[in-house]
Structure formats: structure tokens, C-alpha cells
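In terms of UniProt numbering, the sequence shown opens at residue 1 and continues consecutively.
We treat Cβ as the ideally placed atom computed from N, Cα and C, and that holds for glycine.
These notes concern the structure reproduced below.
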Amino acid sequence: MPAVTKAPNQIGEHLVDYEEKVFEDVKAEKGEKALVTFHTVAFEGSIGFVNLLQATRLQRKGFETSILLYGPGVTLGVKRGFPTLGDEAFPGHQNFNKQIAKFIEEGGKVYACRFALQALYGHGEGSLIEGIRPINPLDVLDIILLHRKSNAFILDTWTL
Numbered sequence: 001m002p003a004v005t006k007a008p009n010q011i012g013e014h015l016v017d018y019e020e021k022v023f024e025d026v027k028a029e030k031g032e033k034a035l036v037t038f039h040t041v042a043f044e045g046s047i048g049f050v051n052l053l054q055a056t057r058l059q060r061k062g063f064e065t066s067i068l069l070y071g072p073g074v075t076l077g078v079k080r081g082f083p084t085l086g087d088e089a090f091p092g093h094q095n096f097n098k099q100i101a102k103f104i105e106e107g108g109k110v111y112a113c114r115f116a117l118q119a120l121y122g123h124g125e126g127s128l129i130e131g132i133r134p135i136n137p138l139d140v141l142d143i144i145l146l147h148r149k150s151n152a153f154i155l156d157t158w159t160l
């Protein structure tokens, strides 16, 4: 059996060069838009939270950024907590809520499909985080098409 001679990693050490940036820092041109769509269930993988962070980054780069929650994606936009709404039952329990609230606070727009909210997940509009705009299910395709017409950057978030 080979002997391990390397000392264990220590807290505070760097294992990679996190300061090197390979590509230019792209900023939005005046009037550029971005749309990040979510068809994913909250807490069923990291993609929902990671792309909420990406949406916030797009907003900060100057893109007029919108988020679309549809299908299971509406689960990212509901108020949660235990034992009462707003309570954090475990570390990270409020990640989605806090990130969406920050995104809205920084000027982002968030839309949630009313059909998915009620018919699929049994929630009403009062379940949504403040600032999320409920929309007709027929608007789901139209918001995507409007962004496509404006040559917006579109990031689709899916889990199967």
C-alpha cells in the first residue's frame, strides 16, 4: 500500500488560483436584456439556486434581467419557513427566498405562472414572495418570445 506523505490540507489554504480571470468581464450594452427561466423544483439539485445567482450577476452586469418561474419552477418563489413562514428550519432553507428578494431589490423582475401555482402546486398568489408578478399561463411562451425578439440572452433552467 503506498504511503501518503502530503500533509493534510489546512483551513485557509488556497488549492486553486481563484484570482486569475481568463475571459474579459462582459458588461451589457445599453438596452440589452436577459431572461432566466426556471422549470425546476426547489431543493432538488443545485441548478435552481446557481441560476438565481447567475440572474443576479446578469442584473449587476447591466442587463435588464427577468426571471420566469413556470411549472415546478414556481416552487422557488413561494414563501417558506418552519415552524412559521420566514423561519429557517435548517441552514440554507431560505436561500431561494433571500436570493429572489435580493434580485428584486436590485431591480430584477420575477414572474410566476398562475396555472402552475394553483393547478399543480395548490398555492394562491398570496403564497408568492413579495414582488413576484403572477402571470397567465398563456404569457409563459409570450415572455420568452418577446425576449427572443429583442435578441435577449436567455438562460433556461431545467431538471427532469
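Please classify residue i: is it buried, with 16 or more other beta-carbons within 10 angstroms of its beta-carbon, or exposed?
i, result
"Phe82", "exposed"
"Leu52", "buried"
"Ala112", "buried"
"Thr40", "buried"
"Phe90", "exposed"
"His147", "buried"
"Val140", "buried"
"Arg80", "buried"
Could you spell out where the alpha helix (DSSP H) holding residue i opens and where it closes?
i, result
"Asp139", "Leu138 to Lys149"
"Phe103", "Asn95 to Glu105"
Mapping DSSP to helix, strand and coil, what is residue i?
i, result
"Glu46", "This sequence places Ser at residue 46; Glu is not what is there. Coil, per DSSP."
"Ala55", "helix"
"Val74", "helix"
"Ala119", "helix"
"Glu64", "strand"
Let me see if you follow: with CB-CB separation under 7 Å, is residue i close to chain C or not?
i, result
"Pro91", "The structure shown contains no chain C; it holds only a single protein chain."
Using beta-carbon positions only, say whether residue i and residue j come within less than 7 Å of one another.
i, j, result
"Phe38", "Gly86", "no"
"Ile129", "Asn95", "no"
Residues bridged to residue i by DSSP?
i, result
"Ile11", "Note: Ile11 sits in no beta bridge, so no partner."
"Tyr111", "Leu68 and Arg133"
If I follow the unbroken beta strand (DSSP E) through residue i, where does it start and stop?
i, result
"Pro134", "Ile132 to Ile135"
"His39", "Lys33 to His39"
"Thr84", "Counting along the chain, Thr84 falls outside any beta strand (DSSP E), and DSSP gives it neither H nor E."
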